[in-house]
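First comes the structure, then the notes that go with it.
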Amino acid sequence: SDLSMKIVCEYLENGEEMMDKLKRYIKTEADVEIFSCVHGISLIFIYGFLLWILGINSVPFTVIFQMFLLGYAISWFQKCLFLREKIYKKREYKIRIVLWIVGPVFMMIICQYIFHWFIKTPYYVALIYDAVMLSYFIMLYFFIEIFYKKDTFELNKMLSSYKNNIGDVIDE
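Start counting the sequence shown at 760; every next residue gets the next number (this note's numbering).
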C-alpha cells in the first residue's frame with residue numbers, strides 16, 4: 760500500500776514536471792511563431808518593394824517560401840540566444856544583443872546567395888536590402904526593449920503594491 764502510494768505520487772510529480780516542460784515549450788514555440796511571421800513578412804515586403812522600384816511586379820512563390828522559412832530560422836536563432844531565463848552578465852548580454860541583431864543579417868546574406876534572390880538585379884539592390892534589414896533588426900530590438908521595460912515597470916509596481924499589503928490596487 761505504501762509502495763503503491765509512493766509510485767502514484769512519483770508518477771504524478773513526473774507528470775506535473777512533464778506538463779511544465781510542455782507548457783514552456785508551447786510558450787517558446789508561440790513566441791518563435793509570432794516573430795517568424797513578423798520577420799518573414801518584413802523580408803518579403805522589403806524584397807518585393809525593391810523589386811517593384813525596379814519595375815518587377817511579382818515575387819516568386821519559391822522566394823516567399825524561402826523567406827518565411829528563413830524568418831522561422833532567424834526567430835529560433837534569436838530565441839536560443841536568450842532561451843535560459845536568467846540574468847546575464849553585462850558583457851555576455853551585450854554580446855547576445857549584437858548576435859541577436861547581426862546574426863539574422865548573416866543568415867539572410869547566406870540565403871540570398873544560396874537561393875540567388877538578387878541574381879537579376881544590380882548588385883547594389885542586395886546591399887540596400889541588407890542595410891534596410893539590418894536597420895529593421897536594430898529598430899525591432901529597441902522596440903522590444905522599450906516594450907519589456909514598460910512591462911517590467913508595471914510588474915514591479917504591482918509586486919510592490921502586493922508586498923505593501925495594498926491589495927489589488929494597481930493603478931495608484
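Glycine included, every Cβ here is placed at the ideal spot set by N, Cα and C.
Nearest-angstrom Cβ-Cβ length linking residue i and residue j, presumed shorter than 8 Å
{"i": "Ile860", "j": "Phe896", "result": "5 Å"}
{"i": "Ile833", "j": "His798", "result": "5 Å"}
{"i": "Lys838", "j": "Thr787", "result": "6 Å"}
Residue i to residue j span [Cα, whole Å]
{"i": "Tyr705", "j": "Ile800", "result": "With the chain represented from 760 up to 931, any question about residue 705 goes unanswered, as that position is not in the structure."}
{"i": "Glu913", "j": "Pro819", "result": "45 Å"}
{"i": "Phe794", "j": "Lys780", "result": "21 Å"}
{"i": "Glu931", "j": "Leu899", "result": "Legend: pLDDT at Glu931 = 48, less than 50; position of this residue unreliable, no value from coordinates given."}
{"i": "Ile869", "j": "Lys908", "result": "33 Å"}
{"i": "Ser920", "j": "Gly814", "result": "59 Å"}
{"i": "Pro863", "j": "Tyr806", "result": "15 Å"}
{"i": "Asn816", "j": "Leu858", "result": "34 Å"}
{"i": "Glu792", "j": "Gln825", "result": "16 Å"}
{"i": "Val949", "j": "Leu809", "result": "The chain is shown only over 760 to 931; residue 949 falls outside these bounds and no answer can be derived."}
{"i": "Ile873", "j": "Phe841", "result": "28 Å"}
{"i": "Asn923", "j": "Met917", "result": "10 Å"}
{"i": "Ser763", "j": "Met778", "result": "22 Å"}
{"i": "Asp889", "j": "Cys796", "result": "19 Å"}
{"i": "Ala789", "j": "Leu828", "result": "16 Å"}
{"i": "Met892", "j": "Glu772", "result": "46 Å"}
{"i": "Phe865", "j": "Glu844", "result": "26 Å"}
{"i": "Lys879", "j": "Lys782", "result": "46 Å"}
{"i": "Trp876", "j": "Thr821", "result": "10 Å"}
Please give me, in chain order, every unbroken run of the alpha helix (DSSP H) with length at least 4 that falls completely inside the region 798 to 877.
820 to 840, 849 to 873
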